[in-house]
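Structure, as C-alpha cells:
Number of protein chains: 2
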Amino acid sequence: MERNTMHTAGKDRDPLTDPDIIIQGGIVLTMAEGEAPLIDGKVCIRGDRIIYVGKDQDLSRYPEKAEIIDAKKGIIMPGLINAHSHTAMTLFRGLADDLPLKEWLFDKIFPAEATHLSPETVYWGTLLGCLEMIASGTTSVVDGYFFQDSTVRALQESGLRALVAQGIIDFPAPGIPDPRENLQRGRAFLEKWCGFSELIAPGLFCHSPLTCSDRTLKEAREISSEFSVPLQIHLSETREEVDEILKRTGSRPVHYLDNLGLLSADLIAAHVIHVSDEEIALLKQREVKVVHVPESNMKLSSGLARIPEMIQQGLTPGLGTDGCASNNDLDLFREMDSAAKVHKAFSMDPVTMTAGTVLQMATRWGAKVMGLEQAIGTLEAGKKADVLVVDCTAPHMVPLYNPVSNLVYSATGADVKDVVVNGRVLMRDRCFQTLDAQEIIKEAKRIGRGINK
Amino acid sequence: MERNTMHTAGKDRDPLTDPDIIIQGGIVLTMAEGEAPLIDGKVCIRGDRIIYVGKDQDLSRYPEKAEIIDAKKGIIMPGLINAHSHTAMTLFRGLADDLPLKEWLFDKIFPAEATHLSPETVYWGTLLGCLEMIASGTTSVVDGYFFQDSTVRALQESGLRALVAQGIIDFPAPGIPDPRENLQRGRAFLEKWCGFSELIAPGLFCHSPLTCSDRTLKEAREISSEFSVPLQIHLSETREEVDEILKRTGSRPVHYLDNLGLLSADLIAAHVIHVSDEEIALLKQREVKVVHVPESNMKLSSGLARIPEMIQQGLTPGLGTDGCASNNDLDLFREMDSAAKVHKAFSMDPVTMTAGTVLQMATRWGAKVMGLEQAIGTLEAGKKADVLVVDCTAPHMVPLYNPVSNLVYSATGADVKDVVVNGRVLMRDRCFQTLDAQEIIKEAKRIGRGINK
Numbered sequence: 154m155e156r157n158t159m160h161t162a163g164k165d166r167d168p169l170t171d172p173d174i175i176i177q178g179g180i181v182l183t184m185a186e187g188e189a190p191l192i193d194g195k196v197c198i199r200g201d202r203i204i205y206v207g208k209d210q211d212l213s214r215y216p217e218k219a220e221i222i223d224a225k226k227g228i229i230m231p232g233l234i235n236a237h238s239h240t241a242m243t244l245f246r247g248l249a250d251d252l253p254l255k256e257w258l259f260d261k262i263f264p265a266e267a268t269h270l271s272p273e274t275v276y277w278g279t280l281l282g283c284l285e286m287i288a289s290g291t292t293s294v295v296d297g298y299f300f301q302d303s304t305v306r307a308l309q310e311s312g313l314r315a316l317v318a319q320g321i322i323d324f325p326a327p328g329i330p331d332p333r334e335n336l337q338r339g340r341a342f343l344e345k346w347c348g349f350s351e352l353i354a355p356g357l358f359c360h361s362p363l364t365c366s367d368r369t370l371k372e373a374r375e376i377s378s379e380f381s382v383p384l385q386i387h388l389s390e391t392r393e394e395v396d397e398i399l400k401r402t403g404s405r406p407v408h409y410l411d412n413l414g415l416l417s418a419d420l421i422a423a424h425v426i427h428v429s430d431e432e433i434a435l436l437k438q439r440e441v442k443v444v445h446v447p448e449s450n451m452k453l454s455s456g457l458a459r460i461p462e463m464i465q466q467g468l469t470p471g472l473g474t475d476g477c478a479s480n481n482d483l484d485l486f487r488e489m490d491s492a493a494k495v496h497k498a499f500s501m502d503p504v505t506m507t508a509g510t511v512l513q514m515a516t517r518w519g520a521k522v523m524g525l526e527q528a529i530g531t532l533e534a535g536k537k538a539d540v541l542v543v544d545c546t547a548p549h550m551v552p553l554y555n556p557v558s559n560l561v562y563s564a565t566g567a568d569v570k571d572v573v574v575n576g577r578v579l580m581r582d583r584c585f586q587t588l589d590a591q592e593i594i595k596e597a598k599r600i601g602r603g604i605n606k
Numbered sequence: 154m155e156r157n158t159m160h161t162a163g164k165d166r167d168p169l170t171d172p173d174i175i176i177q178g179g180i181v182l183t184m185a186e187g188e189a190p191l192i193d194g195k196v197c198i199r200g201d202r203i204i205y206v207g208k209d210q211d212l213s214r215y216p217e218k219a220e221i222i223d224a225k226k227g228i229i230m231p232g233l234i235n236a237h238s239h240t241a242m243t244l245f246r247g248l249a250d251d252l253p254l255k256e257w258l259f260d261k262i263f264p265a266e267a268t269h270l271s272p273e274t275v276y277w278g279t280l281l282g283c284l285e286m287i288a289s290g291t292t293s294v295v296d297g298y299f300f301q302d303s304t305v306r307a308l309q310e311s312g313l314r315a316l317v318a319q320g321i322i323d324f325p326a327p328g329i330p331d332p333r334e335n336l337q338r339g340r341a342f343l344e345k346w347c348g349f350s351e352l353i354a355p356g357l358f359c360h361s362p363l364t365c366s367d368r369t370l371k372e373a374r375e376i377s378s379e380f381s382v383p384l385q386i387h388l389s390e391t392r393e394e395v396d397e398i399l400k401r402t403g404s405r406p407v408h409y410l411d412n413l414g415l416l417s418a419d420l421i422a423a424h425v426i427h428v429s430d431e432e433i434a435l436l437k438q439r440e441v442k443v444v445h446v447p448e449s450n451m452k453l454s455s456g457l458a459r460i461p462e463m464i465q466q467g468l469t470p471g472l473g474t475d476g477c478a479s480n481n482d483l484d485l486f487r488e489m490d491s492a493a494k495v496h497k498a499f500s501m502d503p504v505t506m507t508a509g510t511v512l513q514m515a516t517r518w519g520a521k522v523m524g525l526e527q528a529i530g531t532l533e534a535g536k537k538a539d540v541l542v543v544d545c546t547a548p549h550m551v552p553l554y555n556p557v558s559n560l561v562y563s564a565t566g567a568d569v570k571d572v573v574v575n576g577r578v579l580m581r582d583r584c585f586q587t588l589d590a591q592e593i594i595k596e597a598k599r600i601g602r603g604i605n606k
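For the record, the sequence lines run as chains V and B. Residue 500 in this note's numbering sits at position 347 of the first sequence, and the numbers go up by one each step. Residue 293 in this note's numbering sits at position 140 of the second sequence, and the numbers go up by one each step.
Right, dumping it as C-alpha cells:
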C-alpha cells in the first residue's frame, strides 16, 4: 500500500486528477490510528482505490468528470467487516428460537440444512444475505458454509468483498454425504477459486474441534497452508466442547489445536469463549485471529468471550454476526452496540469495551482477521475504496456530539445511505445498484415456504 | 371496555359501519392472551377506538368512507409502550459515554442538566424524542423529568399517549433551585394537568430512595394518592443504593419503601435490579408495577434485573429505554432484542425470556404499568386505537416464519411504516403527520451546539 503523510497517492500525477467518485460534505472518520474526525471532509476514489482523504476545498474543477456522492452532513467511514458468518443461513432466520441448544441444533437447524440446502438455495440465501449486508453497511464478509460455489457466485454478483471457506465436518454434510470426501472437496474448492477473483478469496472452514477428527484438522491445515489460504474454525464455543476435548485429549481446545499445529497467523477462530489465561497467551503468541460473535453467544447462552482481556494481551479481535439462525440479522451496527453493552453488563465496569474499541473491531481489526489490513479497514489514500456514508438526519442520530458514539450506540444499519466496495457503488441513497432486490426476496420467500411446510 | 368473542363493538349498529380507518392486508398480531396471528387480517377504527379485528372480507362497501392503510403483507400490531423514559434527555445523546458511573452522572449529566435545561430546551428535547418514538413504533411513554409543563405541551402536539410525572428530588433540580419547593411544585403540576387531556395523564416521580428523604417520599405518596395518580421511582438500581439504604435504615430499599407506605398498585418502580427473593415477593404482594430497563442497565454496568424470577412470581414487568444519555436511543424494538438476549447470556439458559415474553412486556404488560390495561396494549374491539404497521419487505425481515421472532430479533424501529394513536395517524408511510421534523431537528441541533460548547 502506498501511504504518505499527505494522504495522497498516485505520485505520477496530481493526486486529485480524475477521481471517478468524490464523496463529500460529511464528517470523515478514517479509523486510522489516532486520527480525529475530519469535519466537512472528502474522500476521492479512482478505480478501485482511495486517492485522497482530506479537507481540500479545491475539487471544483472535477465535477463533470466525477460522480459526486453528497454525504449531507452524515458520516463517511470505512465499510464494516463481518468477520464470522454463514451467509446463506438467512433462509433459517426465525425458524427456531428460544430453544435448548441441542434441540435447536439437532432437531431444527441440522435437519433443515440436510433437507433444504442445495446449490440453488445457498445461492439465493447468500444473495438475500448480500442485500442485508449492503443495506446495513457491511462491505466484507468472512463466510464458512457448504455449497460454497454458490456462495462465491452470489457474492460475486453482489460486488461485496469476501473470504469464502468450504465447510469441513466429519459427519454427512450438505453436499458432502460421505464425510471421507470432505477434504478432497475442500481441496477442489481451493483449486477452483484460488486467484480467480480480486474480491473473493477462498479458504477452508473446519466446523469445530468436536466435529472434526484430529486427522481431519491436520490435513485441513496442510491443504490450507499449501494454498496459502486462511483456515477458519469454531473454537471453544461451549463449555461442553471444552469438557469433551479435555476428556478426549487431556488438553483444552486451544492447546489441543496447538499440538496439532493449527495455531498460526492465518487461523481464524470464531467465538473463543471458554479459554484460560494460558490459552489467551498462546493465541496471542501464535498470532491467531480471534472473532467475537456476541449476539449469537448471548442468544444461544454460550457464554461471553473474554474480549477485554484478549485486547489487553495484545490480540485484535474482529466482530461477526454468525448466521441468521442465531442472531437473527446481519447488522453489524447492532452487533457493535451489543458488544459494547454486554461486556459492561458482565464486568460491572462501564469503561470497558468503549464505542471506539468496538468500531475498531468492526473495521481495522476485521481487516486484520481477513489478512487485508494493508488493503481495507481504514480510509487512507492508496487503500481499496470500501466506503460508507451514514445518514445522520434521522431523529435518533441528533444531536451529533460524537460520531463514534452515535454510530455504535444510536445508529442501525438502516441509517447507511451509500455503500462503495472496491470503487464500485453497491448502494446509492439506499437503492441497490448491483442486485435485483425484488427478485431475490421473491425467491427467498419461495424457498422459505418450502422450509416452513 | 366493551368486549365480546366476535371482536366487535358498538352493538347499536353494524359493527363494521362507518370505520374511519381500515388497516388491512397484513398479519394481525393482537397480543391478546392465547390468540394466534391472523393472516390477511383487518383492524377497523372509528373515532378513537378499534371497532373490529378479524378476517372478514366484506369491507368492500366502505372504501369511499374510510382511510385505507395497506399493511402490504407486513405486521399489524399494538403500539409499543415505553414504560420508563426521560424523553427530553435526547438532547444529551452521546454527550458522555463509556465513563465510570459517578463521573458520568456528577461530572457530565447533572452539570449539563443544571446548565442547559429550561422550559424551552425540554420542550424541543421532548419533541425530538417524540419524533424518535413515533418513528420507531412507540405509542405511549411513561416520562419522569423536570420542566414537565413543557413535556406535556410537546407530547400533546405529537399526539402520543403518555404518563408525565414531575420530578421530585431533595437537591437543587432543574427548575426547582430550592428543594423545599419540590413537593408543592409536584402538587401544582397535578392540579394543572389532572383531567386536562385524554391522552396525557400527570403523575409524580421521586428520583430514588437515596436522593429523596423519607419525609419527601411519604408526602409524595400522599399527594399522588390524593390525586389518584401513579407515583414513579428509580428503585434498587445500584448496589451502592442498596448498601446505603441498608446502612441508613436497616432495611433493604423495597422493605424501606414498604415501611413508608409507598408500595402499592400505582407505584411504578424502574430498574429494580438488586432485590432479594423476599423483596420480589413483597413487590408482587403489593402489586407494584416493575419496569425493566435492560440497555441502560447494561451500558451503565448497573447489573441485571431478576426479571425471569419476577415473572415466575407473577409480576408483569413493562419495558423501558431510559433516557438517551444512557442507552442511547428510544427504540423499543432494539430494547426487546437486548432484553431477550441479555437474560439468555447471564442465565446460560437459551429458553428464558422468549421473544413472546418481551413483546408482551412492551405491549400488554406496559399497559398494565400505566394502569391502562383495559384501554391499550392489545388489538381488541372496544380498545383505544393505538396500532402499528411494521413493514416486512426489507431483506432482514425475510423469510417470515414467525412474526414474533422477526419483530423481536430482526426488526428495528426503522421497519415501522404507519403509526396510529387514539385513532389518529401520527406516521404514514414513514412520514410524520403531526410534527414538523425538519424544524424540531433544526432546533435540537441548535440547542446541542450550545451544550457542546
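Glycine included, C-beta positions come from ideal geometry on N, C-alpha and C.
Chain-order list of residues whose beta-carbon lies under 6 Å from that of Glu448(V) (same chain, five-residue window excluded)
Numbered from 1 along the first sequence, position 295 holds the residue referred to as residue 448(V). So the qualifying residues of the chain are Asn480, Glu488 and Ser491.
Measuring alpha carbon to alpha carbon, tell me which of Lys606(V), Ile321(V) and Ser293(V) ends up nearest Gly519(V).
Taking the first residue of the first sequence as 1, we reach residue 519(V) at position 366. Looking at the Cα atoms, Ser293(V) is the closest of the given residues.
Mind checking Ser361(V): buried by the 16 CB within 10 Å criterion, or exposed?
Residue mapping note: residue 361(V) aligns to position 208 of the first sequence, counting from 1. It counts as buried.
With a cut-off of 8 Å, does the C-beta of Thr565(B) fall near any C-beta of chain V?
Locating residue 565(B) in the second sequence gives position 412, counting from the first residue. True, the Cβ-Cβ gap to chain V drops below 8 Å.
Kindly list, in the order they appear in chain B, the residues whose Cβ is closer than 9 Å to that of Thr507(V).
Here residue 507(V) is taken as the residue at index 354 of the first sequence, counted from 1. Going along chain B in sequence order, the residues near Thr507(V) (Cβ under 9 Å) are Asp250 and Asp251.
Taking Cβ positions only, does Glu375(V) come closer than 8 Å to chain B?
Residue 375(V) sits at position 222 when you count from the first residue of the first sequence. False, the Cβ-Cβ gap to chain B never drops below 8 Å.
Check whether the region 236–255 of chain B touches the region 189–200 of chain B, taking contact to mean three or more Cβ pairs, one atom from each stretch, closer than 8 Å.
Taking one beta carbon from each stretch, the region 236–255 of chain B and the region 189–200 of chain B have fewer than 3 pairs nearer than 8 Å; the two do not touch.
In DSSP terms, what Thr291(V) is bridged to:
Locating residue 291(V) in the first sequence gives position 138, where the first residue counts as 1. Thr291(V) pairs with Leu233(V).
Terminal residues of the beta strand (DSSP E) in which Ala422(V) lies:
Here residue 422(V) refers to the residue found at position 269 when the first sequence is read from its first residue. Taken as a continuous stretch (DSSP letters only), the beta strand (DSSP E) holding Ala422(V) covers Leu420 to His424.
For Tyr205(B), report the span of its beta strand (DSSP E) as first-last.
Here the question's residue 205(B) lines up with position 52 in the second sequence. Here the beta strand (DSSP E) through Tyr205(B) covers Arg202 to Gly207.
Note down, in chain order, each residue of its chain lying with its Cβ closer than 7 Å to the Cβ of Pro406(V), except the 5 sequence neighbours on either side.
Here the question's residue 406(V) lines up with position 253 in the first sequence. Taken in chain order, the residues that qualify are Pro362, Leu388, Ser389, Glu394, Val395 and Ile398.
What residue ranges within the region 273–356 of chain B form continuous beta strand (DSSP E) runs of no fewer than 3 residues, ordered along the chain?
291–298 and 314–321
By Cβ distance, which residues of its chain are closer than 8 Å to Leu532(B), with the 5 residues on each side in sequence left out?
Indexing the second sequence from 1 puts residue 532(B) at position 379. The answer, listed in chain order, is Val181, Leu182, Thr183, Met184, Ala185, Val196, Ile203, Val206, Ile229, Met230, Pro231 and Val540.
To which residues of the same chain is Asp173(V) closer than 7 Å at the C-beta, ignoring the five residues directly before and after it?
Here the question's residue 173(V) lines up with position 20 in the first sequence. Closer than 7 Å at the Cβ level, and outside the excluded window around Asp173(V), lie Ile198, Arg199, Gly200, Ala219, Glu220 and Gly576.
Can you check whether the C-beta of Met580(B) is within less than 8 Å of a C-beta belonging to chain V?
The residue you call residue 580(B) lines up with position 427 of the second sequence. Answer no: the Cβ-Cβ gap between Met580(B) and chain V never drops below 8 Å.
Are the Cβ atoms of Thr279(V) and Leu258(V) separated by less than 8 Å?
Residue numbering aside, residue 279(V) sits at position 126 when the first sequence is read from its first letter. Residue numbering aside, residue 258(V) sits at position 105 when the first sequence is read from its first letter. Their beta carbons are not under 8 Å apart, which means Thr279(V) does not touch Leu258(V) by this criterion.
Should Arg459(V) be flagged as near chain B, meaning a C-beta pair shorter than 8 Å?
As a working mapping, residue 459(V) is identified with position 306 in the first sequence. No - not a single Cβ of chain B is within 8 Å of the one on Arg459(V).
Label Phe349(V) either buried or exposed according to how many other C-beta atoms from any shown protein chain fall within 10 Å of its C-beta, with 16 as the threshold for buried.
Sequence index remark: in the first sequence, residue 349(V) carries index 196 (1-based). By the C-beta density criterion, Phe349(V) is exposed, having fewer than 16 other C-beta atoms within 10 angstroms.
Is the CB of Ile594(V) under 8 Å away from at least one CB in chain B?
Within the first sequence, numbered from 1, the residue matching residue 594(V) stands at position 441. Yes, because at least one Cβ of chain B sits closer than 8 Å to the Cβ of Ile594(V).
By the three-class DSSP mapping on this structure, what secondary structure does Arg374(B) have?
By one-based count along the second sequence, residue 374(B) stands at place 221. Note: Arg374(B) maps to helix in three-state DSSP.
State the Cα-Cα distance for the pair Ser377(B) and Gln591(V), rounded to the nearest angstrom.
Counted from its first residue, the second sequence places residue 377(B) at position 224. Counted from its first residue, the first sequence places residue 591(V) at position 438. Those two C-alpha atoms are separated by around 55 Å.
Taking 8 Å as the CB-CB cut-off, is Arg246(V) touching chain B?
Position 93 of the first sequence, counted from the start, is the residue given in the question as residue 246(V). Yes, because at least one Cβ of chain B sits closer than 8 Å to the Cβ of Arg246(V).
Three-state secondary structure assigned by DSSP to Ala597(V):
Here the question's residue 597(V) lines up with position 444 in the first sequence. Reduced to three states, the DSSP call for Ala597(V) is helix.
Reduced DSSP secondary structure (H/G/I, E/B, other) of His387(V)
Walking along the first sequence from the start, residue 387(V) turns up at place 234. His387(V) falls in the strand class under three-state DSSP.
Between Asp484(B) and Thr565(B), how many whole angstroms is the CB-CB distance? I'm expecting something under 8 Å.
The sequence position of residue 484(B) within the second sequence is 331, counting from 1. The sequence position of residue 565(B) within the second sequence is 412, counting from 1. The Cβ separation is near 6 Å, so the contact holds.
Just to confirm before moving on: does the CB-CB distance between Leu472(V) and Ala515(V) stay below 8 Å?
Taking the first sequence and counting its residues from 1, the one referred to as residue 472(V) is at position 319. Taking the first sequence and counting its residues from 1, the one referred to as residue 515(V) is at position 362. Cβ atoms of Leu472(V) and Ala515(V): closer than 8 Å.
Min CB distance Asn235(V) to chain B below 8 Å
Against the first sequence, residue 235(V) aligns to sequence position 82. No, Asn235(V) does not count as interfacial toward chain B.
Would you decide whether Ala341(B) is buried or exposed? Buried here means 16 or more other CB atoms lie within 10 Å of its CB.
Residue numbering aside, residue 341(B) sits at position 188 when the second sequence is read from its first letter. Ala341(B) comes out exposed.
Against Val495(V), what residues of chain B qualify as contacts under a CB-to-CB distance less than 9 Å, listed in chain order?
Looking up residue 495(V) in the first sequence gives position 342. What Val495(V) touches in chain B: Met451, Ser491, Lys494, Val495 and Ala498.
Whole-angstrom distance between Phe324(V) and Asp331(V), CA atom to CA atom:
Mapped onto the first sequence, residue 331(V) falls at position 178. Mapped onto the first sequence, residue 324(V) falls at position 171. Roughly 8 Å separates the two Cα atoms.
For chain V, check one thing: does any of its Cβ atoms lie closer than 8 Å to the Cβ of Asp544(B)?
By one-based count along the second sequence, residue 544(B) stands at place 391. Taking Cβ atoms only, chain V never reaches closer than 8 Å to Asp544(B), which makes this a no.
How far does the beta strand (DSSP E) with Glu220(V) in it extend, from its first residue to its last?
As a first step, residue 220(V) must be located in the first sequence, where it is residue number 67. Looking at the DSSP string, the run of the beta strand (DSSP E) that includes Glu220(V) is Glu220 to Asp223.
Assign Ser381(V) to buried or exposed, taking buried as 16 or more other Cβ atoms, counted over all protein chains shown, within 10 Å of its Cβ.
Position 228 of the first sequence, counted from the start, is the residue given in the question as residue 381(V). The residue is exposed, with fewer than 16 neighbouring Cβ atoms inside 10 Å.
Do we get a CB-CB distance below 8 Å when we pair Val574(B) with the residues of chain V?
Position 421 of the second sequence holds residue 574(B). So no, Val574(B) is outside the interface.
Count the other CB atoms within 10 Å of the CB of Arg374(V); is the residue buried (16 or more) or exposed (fewer)?
Residue mapping note: residue 374(V) aligns to position 221 of the first sequence, counting from 1. It counts as buried.
Once the 5 residues before and after Pro556(B) are set aside, which same chain residues still bring their CB inside 6 Å of it?
Walking along the second sequence from the start, residue 556(B) turns up at place 403. Counting only Cβ-Cβ distances below 6 Å, and skipping sequence neighbours, we find Ile180, Leu182, Pro190 and Ile228.
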